[in-house]
Structure formats: C-alpha cells, structure tokens
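Here is the structure we will look at, set down as structure tokens.
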Amino acid sequence: MPMIVMTYLSLNNGSILALFNVEFAFFVSLSLFVYFTFFTLYEIGYVINDCVTTKYESRPTLRYNKCDYWRYLVFSKILLFIFLTLFASVTFRVNIFAIFFYAAVTLLIFMAHNGLSVQDRSVTYFWLQFMRLMILPYTVIHDIYALLIMILLVFPELFRRGVRYMRIKYLSQDRKFSTFDLKASLISTFLVGIFICKFAFHLVPALIIGYAIIIAGIIISILLRA
31 MPMIVMTYLS
41 LNNGSILALF
51 NVEFAFFVSL
61 SLFVYFTFFT
71 LYEIGYVIND
81 CVTTKYESRP
91 TLRYNKCDYW
101 RYLVFSKILL
111 FIFLTLFASV
121 TFRVNIFAIF
131 FYAAVTLLIF
141 MAHNGLSVQD
151 RSVTYFWLQF
161 MRLMILPYTV
171 IHDIYALLIM
181 ILLVFPELFR
191 RGVRYMRIKY
201 LSQDRKFSTF
211 DLKASLISTF
221 LVGIFICKFA
231 FHLVPALIIG
241 YAIIIAGIII
251 SILLRA
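Start counting the sequence shown at 31; every next residue gets the next number (the numbering used here).
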C-alpha cells in the first residue's frame with residue numbers, strides 16, 4: 031500500500047485530495063494486478079533457488095518443498111505471466127514490451143543471485159528489492175524525471191531491506207522486526223526527505239504518508255512480538 035500511495039501521489043503532483051477521488055480505487059485495482067503479475071514471475075526465482083540452488087548450500091532457506099515437478103511449475107508461471115501481461119496491455123493499456131524487458135532483467139538478476147554464494151548475495155538482493163519496489167512506478171510513470179524522483183522516494187525502504195538482509199545473514203538469524211528496522215527507516219527517511227524538500231517539494235506528502243504506513247507497520251510488529 032505505501033508504494034501505491036506514493037506512486038499515485040507522484041502522478042497527481044502530490045495532491046492529497048487525489049486519494050479521495052474515484053480514480054484512486056481504479057488505480058489500486060491496477061496496482062494489485064501489476065503486483066500479482068510481477069510476483070507470478072518473481073516466484074520463479076524462488077522455485078529455482080529451492081529446487082536447484084539449495085542442493086549446494088549447507089543451510090538453505092526453503093519456500094517450496096515439492097520439487098519433483100519444478101520445471102513444469104516454472105513453465106506454468108511463465109505462461110501465466112505472459113497471459114496476464116497480454117491481458118494488462120489490452121485492459122489497462124500498459125506497455126507490453128516494457129514489462130517483458132523489466133521481467134527479463136529481473137530474471138537475470140535472480141539467476142545471478144542464485145548463482146552466487148550465500149555470503150555474496152547481498153549485492154544482488156539489493157537489486158532484487160529494487161525491482162520489486164519499482165515495478166509499479168516503472169509501469170505507470172512515463173516521465174523520466176518523475177521516475178527518478180520515485181527512485182529517491184523508495185530509497186529509505188530499499189536501504190532498510192538491504193541492511194536488514196545483511197544483519198540477518200551475518201549478525202543475527204532473527205527475522206522478526208525490531209527497533210533496528212525502526213531506526214533504519216526513520217534515519218533514511220529523514221535524510222531522503224532533505225533531498226525531496228529541495229528537488230520535489232510537492233512530493234513531501236507522498237514521502238510522509240508512505241513511510242508513516244511503513245513505520246506504523248514496523249511498530250505494530252514490534253509490539254506484537256513483545
């Protein structure tokens with residue numbers, strides 16, 4: 031939801047009133063469809079990791095347990111992704127070639143990620159999270175300057191996910207949210223906010239609302255854990 035709100039506000043010059051328009055409900059539906067389509071493809075990387083790559087790992091992280099038919103599963107997900115993308119091109123008028131290019135780059139990064147040793151995966155993990163966070167802005171924003179500003183807007187969350195991954199892999203195996211996540215999000219949001227105020231002041235509400243949702247989620251997770 032934070033990415034949906036920030037992207038929609040970016041498309042509407044940061045106007046908070048736009049969130050109360052009927053068009054926002056349509057945009058949410060489009061966004062959910064884009065995410066569903068993207069993660070249909072994204073899960074292919076998980077399948078290959080769990081069914082192929084983990085054979086060479088001492089402490090693998092598994093998401094899929096039944097790997098006898100992993101090739102059929104990958105093939106079916108590719109077909110579903112192609113079908114959903116074609117459907118989106120007709121229904122929502124998205125650029126089908128841009129989506130296929132984005133998907134190809136994502137799979138290439140995932141292949142590199144699965145090919146690296148566990149100790150070296152933090153580099154590719156960063157770019158995988160970047161692709162996850164930017165799929166919606168990439169799909170609906172066509173102005174290059176606005177897209178670059180969106181990259182700046184998502185950076186605090188990208189940074190938090192990156193340092194969280196390295197902390198889990200190298201320092202602690204605890205995957206639950208902690209005050210570390212809260213500090214990382216608050217500090218990076220504040221620093222990025224300085225640049226947003228200078229280069230895209232009209233998007234300050236997008237930054238505040240988007241990260242208020244993220245930070246609230248982190249706080250709730252910490253309280254539920256306590």
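Here a beta-carbon is modelled for each residue, glycine too, at the ideal position from N, C-alpha and C.
Since we're looking at a predicted model, the values are computed, not measured.
Short Cβ contact (9 Å threshold) for G44 with L163: Not a contact, by the Cβ cut-off of 9 Å.
Could you round the C-beta distance between S251 and F207 to whole angstroms and report it? I think they count as a contact, below 8 Å. Cβ atoms of S251 and F207 come within 8 Å of each other, at about 4 Å.
Do you know offhand how far T70's Cα is from T136's? In this structure, the alpha-carbon of T70 lies about 12 Å from that of T136.
Please report the straight-line C-alpha distance between Y38 and Y241, rounded to a whole angstrom. Roughly 14 Å between the two C-alpha positions.
Starting from the C-beta of F140, find all residues in its chain whose C-beta is less than 7 Å away, skip the five residues before and the five after it, and write them out in chain order. Annotation for F140: G75, L158 place their beta carbon closer than 7 Å to its own, counting only its chain and skipping 5 residues before and after.
Under the rule that 16 or more other beta-carbon atoms within 10 Å means buried, what is C227, buried or exposed? Within 10 angstroms of the beta-carbon of C227 lie fewer than 16 other beta-carbons, which makes it exposed.
Residue of V222, I198, G223, L221 minimising C-alpha distance to D211: I198 is the residue among V222, I198, G223, L221 whose C-alpha sits nearest the C-alpha of D211.
C-alpha gap between L49 and R191, whole angstroms: Whole-angstrom Cα-Cα distance: 27 Å.
Can you tell me which of L41, Y99, M196, N144 puts its alpha carbon nearest to the alpha carbon of F54? The shortest Cα separation from F54 among L41, Y99, M196, N144 belongs to L41.
Chain-order list of residues whose beta-carbon lies under 6 Å from that of I259 (same chain, five-residue window excluded): Outside the displayed range of the chain (31 to 256) lies residue 259, so it cannot be described from this structure.
DSSP state of I171, grouped into three classes? The answer is coil: DSSP assigns I171 none of H, G, I, E or B.
What are the boundary residues of the alpha helix (DSSP H) that includes N257? Because the chain here runs from 31 to 256, residue 257 falls outside it and cannot be looked at.
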